[in-house]
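Residue numbers (the numbering used here), protein chains in the order written: chain Y, 1 to 505; chain R, 506 to 1010. Glycine is no exception: its CB is placed at the ideal position from the N, C-alpha and C atoms. Heads up: the structure comes next, in structure tokens.
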């Protein structure tokens, strides 16, 4: 009996996939395999999608920003009217709670992004049109061609390859998108892509503007990234996987925007710990447990100076974690990765204070975990002790004094964020010293706040020095900057006026 | 007898180099070795320079844009008052004519760039300061740290690592520069660096803001690029050398901006050839002979449709080249590379029409060269027939018809520029077809003009898709965009107001 496998979205229609294999998603809350079968595409699917994307890229050049924005708004409206249904599908595949996470937070954010980037497309200033009348030279950031977006496991909507921030930025900049859905939530992605398709068919854009496949062999993934028909790539996911794709893209000189790994150092200065230690306990425990710690901005490293306030802080977090009910994680594979990472950090000499074990039974879950090491021992093995533990697991580095704390910060790799908690007067001198070191190592610097929660703001930098991302000058969130990632700078030198793009005449 | 070797500029002073070896420049017009000896630095020189640059980067953060701009203006004024002396040194090392090239063109351009980028620094808008009051989130493009600039052989001033456009952009963005002078013109670079040092010592900037070394082993060059103290790299030079450094920088996730190779396709449509063929002959011959063809924007590929006007055009260029006196090239090594590249193109089936030989004798020179191939033969071997011939040497591709011409353009790699010559009415349909293909393959599109001559304009794109450069979104010329290359995007999230950078308060 031949099994039914879901189709892929190629060239404006749902089509039977050229199958290499098939897979099912699993409900992480129960361990049950979900019934629908999804394709692992053979190269033929990719090849067809790339050809269709090339044609769509050409047609999109003749579409106006208003037409592009209208599609995005139409898509946003369709998502908005399907919140209940979408959340119902997503909870099965991700274990993320419908409320508040999916319906109150992530889905509204997804809709907001689509609308804000649509506004940026309409406004047009993202493209920095520049006219030098004296020399008759003009330039503008123009679409870069088909963009491949690899979505991550941890945001089924807001970073999904077919609806998230890379997707919205690439479309707003005038490019077609080939989404590589994450295989942990294929049905969610299918439902989203169908909203996109319906909105497309009602729009003036080419129907191949949005295409989607679910899974590929590693070799085909590499071939896709290197393909000359691809203009740029957006990738959010694991460091190992991202670095493989980066090497391929770099070798052919193709822009690839990556979000790889980040442990988001949080520095707690003595005055802050002494004056509001209880509050800091709650803030860390809340932030680290959000989404079972599966955020790229989860606070994975706490750096402080040893002392009674610091010890009370650590004891406070341990007490909360001991009583906490471990949340469902996105997958059993994620639990295994987390176990492995915690073991790596322990092997490097960190002491386990609480947690450190998967929850027994069919549910994918891991006990909230806190580890501790000294500044001295961190400095002896800084690389391994920066291993990302993707889940609710943080390492506290207890330093002897401010000097050692600065030494620890000097050893940090690039991160998306860095937080400094400080007393309003007694920590000022220490702040100045620390800021100087931390500032250039992180994309977003926070005061007295945990790193989770990324505003969709024009002032946002959701990015940072390697290995947090591949280039410290770009952000993955926030119009208009994020649109420019998916563009090439095009100059018109003494080009006859009737041949210029409208915005350069 | 120990020989005297010139010092390197490290940490604010001329210091004896830690020598790995020493070398001399050669006068390409005579083949004579010039007397001064320059160091090939050992790693120790680089290490000291990097430490000093780190300290300078820290100090520069406390300097105002006005102080940075004042240094650049001071440096520009010193260059301006030394035109005669500088040109006199440069002609010995480069063979480039003092007039008009050095004194009337390149030196004024160098001074102009320094002043325009100084103005961009003062103005500050390059950094895109963005304030979101509602969420108390702010962002700005901030200095990226020490920048290493590898200057090319062909512009002793305007692209020199210690005075050119990458240098000026990196400084204007608030970064110290370690210049890697080109070993073909060390004395020119030494004299420039001394102007920079004098201007620095009169400025409020740290004295290690500008440092310079002359030559390194390949291994040390690689180690320099990978060093964690380096924020970013600018490289203008050969494709082979640049790709090696790119691989190293990419592996450690460090921004590297490259200008590698470009053959600058020029399409001549039938109406243009018929109506002003004689003029096009002169334009091509003039442009291709400028600086003995040693421009990154030299017209190396002419694409046209075969016919009587096309043949008359080719005959016209051949006639000019036959009578032309070959100009002195930058080096005998350059002549050898050009010979090799011309041979490669001939081996791939192109017919030599004129030139094709070095000039006998001690002078570095090569006869102006034109080759021809058919569209069909180009399509059979598009890769090899795009070999860059750095010098006065162009390949004419004579196509059967417009369809074949479009096929040829489809096979082109990324280029800095693309030119289309067209008749004001009869070529319009062909133009539309061609522009669609060529536009996305080039950074700068020209109408009825040769690609040589790069304006210092805010609307300039001196860049383009790989392999012309490493990223199609950046330009190497033109403020304010070129400054942003040497920055990281830094966000301040709920940071207390007295701790914000001044421009974000």
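From the DSSP output, which residues share a beta bridge with residue i?
i, result
"residue 141(Y)", "489(Y)"
"residue 764(R)", "741(R) and 974(R)"
"residue 223(Y)", "Answer is none; residue 223(Y) lacks a bridge partner."
"residue 160(Y)", "Paired residues: none, contrary to the question."
"residue 14(Y)", "9(Y)"
"residue 926(R)", "773(R)"
"residue 399(Y)", "305(Y)"
"residue 587(R)", "Note: residue 587(R) sits in no beta bridge, so no partner."
"residue 655(R)", "685(R) and 740(R)"
"residue 718(R)", "685(R)"
"residue 243(Y)", "In DSSP, residue 243(Y) forms no bridge with anything."
"residue 573(R)", "Beta-bridge pairing links residue 573(R) to no other residue."
"residue 328(Y)", "365(Y)"
"residue 952(R)", "925(R)"
Residue j and residue i - do their beta-carbons sit closer together than 8 Å?
i, j, result
"residue 381(Y)", "residue 341(Y)", "no"
"residue 486(Y)", "residue 147(Y)", "yes"
"residue 972(R)", "residue 253(Y)", "yes"
"residue 482(Y)", "residue 442(Y)", "no"
"residue 358(Y)", "residue 335(Y)", "yes"
"residue 290(Y)", "residue 266(Y)", "no"
"residue 473(Y)", "residue 207(Y)", "no"
"residue 681(R)", "residue 824(R)", "no"
"residue 522(Y)", "residue 181(Y)", "Missing from the structure shown is residue 522(Y); chain Y here goes from 1 to 505 and no further."
"residue 917(R)", "residue 888(R)", "no"
"residue 952(R)", "residue 496(Y)", "yes"
"residue 6(Y)", "residue 35(Y)", "no"
"residue 288(Y)", "residue 298(Y)", "yes"
"residue 551(R)", "residue 718(R)", "yes"
Within its chain, find whatever has a CB closer than 8 Å to the CB of residue i; leave out the 5 residues flanking it on each side and keep chain order.
i, result
"residue 67(Y)", "203, 204 and 205"
"residue 374(Y)", "306, 397, 398, 399 and 400"
"residue 629(R)", "570 and 1008"
"residue 331(Y)", "26, 28, 153, 184 and 364"
"residue 996(R)", "642, 643 and 644"
"residue 144(Y)", "173, 175, 231, 232, 255, 486, 487 and 488"
Ignore the nearest five residues each way along the sequence and tell me which others in residue i's own chain have a CB closer than 6 Å to its CB.
i, result
"residue 121(Y)", "65, 68, 69 and 172"
"residue 1(Y)", "Since pLDDT at residue 1(Y) reaches only 44, below the 50 mark, its modelled position is unreliable, and no value is offered."
"residue 211(Y)", "9, 10, 49 and 178"
"residue 166(Y)", "149 and 234"
"residue 663(R)", "611, 614, 615 and 669"
Let me know if residue i comes out buried or exposed under the rule of 16 or more other beta-carbons within 10 Å of its beta-carbon.
i, result
"residue 1003(R)", "exposed"
"residue 17(Y)", "buried"
"residue 505(Y)", "exposed"
"residue 294(Y)", "buried"
"residue 700(R)", "buried"
"residue 830(R)", "exposed"
"residue 277(Y)", "buried"
"residue 366(Y)", "buried"
"residue 85(Y)", "exposed"
Just confirm the distance between the C-beta atoms of residue i and residue j, as a whole number of angstroms; I'd bet it's less than 8 Å.
i, j, result
"residue 372(Y)", "residue 388(Y)", "The pair is not a contact, with the Cβ atoms about 18 Å apart (cut-off 8 Å)."
"residue 531(R)", "residue 538(R)", "5 Å"
"residue 229(Y)", "residue 53(Y)", "7 Å"
"residue 834(R)", "residue 777(R)", "At roughly 31 Å, the Cβ-Cβ gap does not stay under 8 Å, so residue 834(R) and residue 777(R) are not in contact."
"residue 619(R)", "residue 580(R)", "6 Å"
"residue 1011(R)", "residue 974(R)", "Any property of residue 1011(R) remains undetermined from this structure, which presents chain R solely from 506 to 1010."
"residue 594(R)", "residue 693(R)", "5 Å"
Leaving aside the five residues before and after residue i along the sequence, list all residues of the same chain whose C-beta is less than 7 Å from its C-beta, in chain order.
i, result
"residue 954(R)", "924"
"residue 913(R)", "808, 880, 883, 884, 902 and 904"
"residue 489(Y)", "139 and 141"
"residue 597(R)", "532 and 539"
"residue 587(R)", "700"
"residue 549(R)", "523"
Considering only heavy atoms of the ligand FAD, does any lie closer than 7 Å to the CB of residue i?
i, result
"residue 893(R)", "The ligand FAD is absent from the structure shown, which contains no ligand whatsoever."
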